[in-house]
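Residue 61 in the working numbering is what sits at position 76 of the sequence shown, and the numbering runs on without skipping anything.
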Amino acid sequence: MSDESGLWLLLAGPASATAVYWGLYRYYRNTDKSHGFERETTVEAQPITGDDAKVGTNNGTTQSRIRGENGGAYRQRVQRVQRSSDTSPDAESGGA
């Protein structure tokens, strides 16, 4: 193998990597095909129409707790999962 063919092969790696990177960048970015919304779209400004109507009030927001909360009643909130009859406790814990 001569030195010239080795040099060509050595330069082919970075050149092909650069070409692949450039190709993937162009494929996924599509900067030449992207739509410039701010440049290509005109939006006509119009005055706001309509009115505001008060629907209701939210009273009682000064309370630090919620009535009927069950944060401390763990057993009441979380139900125990029922095991199927074919699984024994020893099989789950790895015991013999």
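Yeah, the Cβ is synthetic: ideal placement off N, Cα and C, and Gly gets one too.
Quick caveat, the model's predicted, so the values are computed rather than measured.
Item	Value
Alpha-carbon to alpha-carbon, E29 and H20	19 Å
The ligand GTP heavy atom lying under 7 Å from the CB of T47	Here there are no bound small molecules, and the ligand GTP is not part of this structure.
Whether N55 touches Q61 by CB criterion (8 Å)	yes
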